[in-house]
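Remarks on the structure that follows.
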Amino acid sequence: MIVLHAGYLAERLLLWGEMPREADPRPARRGGRRASLPPLPYDADLDALSAAMKKAGLGFSATGRNASGAVAWLPTAGNEAVASSPLVAEPPKARSTITIAPWKITACRLSPERTVDLLCACVEKETLAPGVVVGADLAFWATAMRLAGATVARQKFLPDVVLENGTWYARWKPVLAGPDAQALGKLAAAMPAVARALTLEG
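Residue numbers (this note's numbering): 259 to 460.
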């Protein structure tokens, strides 16, 4: 079983996942401030992400070429990461103090084409295949893609230029007003915290 997550970072959608850990290994524990960041004990590696994509019928896999190390800032009880679902791990005790802490994860950096394929497959779905669960953040990005697609289909955009690293580039700028602006506001308000939990460094 795997729960798929996604976050937007460095102009790409990053796909990552959670899986129940093996029974034998002990959970990763956090050290002092000088210690390196611990790996997320439920982190799905590239092989698991590739297997999930294959099982879901999507024609691509996670490889070393598109692998991307990232840091996920996640709820943490004491020294243990809190899983997003009881299907991954038991929730912490009711009296546990929950904080936000950084954990190393394995992520797959998706191209724009792969991003569209994945998000289209996730629209209004809770699972992509048996045992492949769509996380709340991945479902959010699918909803965001639908809003962006509707904006393009109705030609709600204007030409623009932007300055990037000292060079000017031509870009299309969306024009969101009235009901479109309200839809964008509702979308922003509905963003799960985990959808903006990724950084490149801890």
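C-beta: ideal position from N, C-alpha, C; glycine also.
{"Item": "Residue 273 beta carbon less than 8 Å from that of residue 368", "Value": "yes"}
{"Item": "Whole-Å CB distance - residue 392 paired with residue 380, under 8 Å assumed", "Value": "5 Å"}
{"Item": "Cβ-Cβ distance between residue 335 and residue 300 below 8 Å", "Value": "no"}
{"Item": "Residue 437 (DSSP reduced to helix, strand or coil)", "Value": "helix"}
{"Item": "For residue 383, the residue or residues it bridges with in DSSP", "Value": "Beta-bridge pairing links residue 383 to no other residue."}
{"Item": "Under 8 Å between C-beta atoms of residue 398 and residue 359", "Value": "no"}
{"Item": "Identity of the residues DSSP links to residue 378 by a beta bridge", "Value": "Answer by DSSP bridge pairing: none, since residue 378 is not bridged."}
{"Item": "Residue 321 versus residue 328 - alpha carbon distance", "Value": "15 Å"}
{"Item": "Residue interval of the alpha helix (DSSP H) (run including residue 313)", "Value": "304-313"}
{"Item": "C-alpha gap between residue 419 and residue 304, whole angstroms", "Value": "38 Å"}
{"Item": "When 423, 400, 435, 426 are compared against residue 412, the one with the closest alpha-carbon", "Value": "435"}
{"Item": "Three-state secondary structure (DSSP) of residue 338", "Value": "strand"}
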